[in-house]
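Asks:
In the working numbering, the protein residues as written are 3 to 478.
Below you can see the structure in the form of structure tokens.
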């Protein structure tokens, strides 16, 4: 080898080497496609090929930069570390092939031992992956794994058990020492290694090699942990929403059965029709249970529900008017969200009123925001009953809790009913298309309508993850 690099230049080169490895890992971790391939434990041939294609280009550029730039760019060459990483993560096929691809520029420059050395490193990484019983142990290898050497030694001597996180550690040390020894034993131009004498300087080189392998693993493991936490939060949200929906369904079922019981006495034919409508509703609920459904399906559900209520009130006593914006039909809404609102119109607005009344349902869509309005011309809600609206029964309290689960604090649910008085209807900040989060209002209005319920939210903020419909909580 040539004269040893001064210690300051050596430290600078080694620090840059670790920094380059960490930077490449951080950039790749931001790529969704790479994360999907990386965190798949059992990969098919196509996924293994994708893993190589993701990792090799940056490493090839590093080798080329070192060859073109000379000793000043020695930090850019991560061929040995990259091949070993691909073996650890991809297996005994991905490692050797990836190592060979990385060192093609070196082979062209007549570094004849570069490709065999990198392929050997990749093969060793793949063999370690194959030998480890629990693949989770690979992710435990980090920059400070060497601190566990005493603990692993005691475990080996007392229990004759291997600490598998030590396998990558010892292999990295062996690979770097072997590379330096090979350069010493052959012509320096046949294989590249950072210049260092067989003294404590070599220890710094070995540590840099360890860090260049462990740092990417640590970065990717942190990303993996964050993704697992997010997935668990989504599953928890789904479980909470299912629990709330399971409260609504029996609530609605009991009310409908009471209607059927009343109809059987004086109108068996209508009772049979109600039972058929109820069977359609139950069939839809049992066929698929999703957190969010298109507004089109939710309106079909409301149609069946209102048909049941028309049979209960009488065709002459309940008038249903709908104004539906076609652009809003494919927007996704929380399932079973409208039915409690319609039921609230019937229970508090029309049921106490002699002669029935009218319910109007309107939907509008503007720049991705969906607004749903439900009005009735019933008696309204008295001031005495207002404090108990969210306490008594299940309907509106359930709606508020579901919205709270979906949107956190970024929604409002208000009821402001003034029987006998006409007051302008409004919601949110006064613009129905600029509500913050979700807004529901129940206010008196003019034109002989005593209650208006409006609901608005961003229909674009829906997230599909693992086949489960979710909403992202809007911020600001």
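Just so it is clear, CB atoms sit at the ideal spot from N, CA and C, and this is done for glycine as well.
1. Quick check on DSSP: helix, strand or coil for residue 367?
2. Please determine if the region 94 to 112 and the region 122 to 133 are in contact, where contact requires at least 3 C-beta pairs separated by less than 8 angstroms.
3. Helix, strand or coil: how does DSSP classify residue 12 here?
4. Would you kindly work out how many angstroms separate the C-alpha atoms of residue 175 and residue 211, rounded to a whole number?
5. Secondary structure at residue 32, three-state DSSP: helix, strand or coil?
6. Count the other CB atoms within 10 Å of the CB of residue 48; is the residue buried (16 or more) or exposed (fewer)?
7. Could you have a look at residue 112 and say whether DSSP puts it in helix, strand or coil?
8. Going along the chain, which residues of its own chain have a beta-carbon closer than 7 angstroms to the beta-carbon of residue 330, five neighbours each way excluded?
9. Would you give the residue range spanned by the alpha helix (DSSP H) that residue 48 belongs to?
10. Check each candidate in 399, 347, 403 and name the one with the smallest Cα separation from residue 379.
11. If you pair each beta-carbon of the region 258 to 271 with each one of the region 72 to 84, do three or more pairs fall below 8 angstroms?
12. What residue range is occupied by the uninterrupted alpha helix (DSSP H) comprising residue 86?
13. Since residue 322 is in the beta strand (DSSP E), which residue starts that stretch and which ends it?
14. Measure the C-alpha to C-alpha separation of residue 206 and residue 140 and round it to an integer number of angstroms.
15. Taking the C-alpha atoms as reference points, what is the distance between residue 339 and residue 33?
16. Note the first and the last residue of the continuous alpha helix (DSSP H) segment covering residue 185.
17. Assign residue 88 to buried or exposed, taking buried as 16 or more other Cβ atoms, counted over all protein chains shown, within 10 Å of its Cβ.
18. Cβ of residue 39 within 8 angstroms of Cβ of residue 53?
19. Using three-state DSSP, classify residue 352 as helix, strand or coil.
20. Quick check: residue 108 and residue 194, are their CB atoms within less than 8 angstroms of each other?
21. With distances taken Cα to Cα, identify the nearest neighbour of residue 381 among 375, 398, 400, 361.
22. Identify every residue that forms a DSSP beta bridge with residue 360.
23. Straight-line CA distance for residue 20 to residue 186?
24. Starting from residue 482 and walking both ways along the beta strand (DSSP E), at which residues does that stretch end?
25. Start and end of the alpha helix (DSSP H) containing residue 98?
26. Using three-state DSSP, classify residue 196 as helix, strand or coil.
27. Using only CA atoms, which one of 177, 103, 44, 342 lies nearest to residue 300?
28. Just to confirm, are residue 225 and residue 31 a CB contact at a threshold of 8 angstroms?
29. Helix, strand or coil for residue 269, going by three-state DSSP, please let me know.
30. Taking its Cβ as the centre, do 16 or more other Cβ atoms sit within 10 Å of residue 334, making it buried, or is it exposed?
31. In whole angstroms, give me the CA-to-CA distance for residue 281 and residue 234.
Replies: Result, derived from the coordinates:
1. strand
2. yes
3. helix
4. 8 angstroms
5. coil
6. exposed
7. coil
8. 297, 365, 366, 367, 372
9. 47 to 71
10. 347
11. no
12. 81 to 92
13. 320 to 326
14. 24 angstroms
15. 36 angstroms
16. 168 to 187
17. buried
18. yes
19. helix
20. yes
21. 361
22. 321
23. 24 angstroms
24. Any property of residue 482 remains undetermined from this structure, which presents the chain solely from 3 to 478.
25. 96 to 104
26. coil
27. 342
28. yes
29. coil
30. buried
31. 35 angstroms
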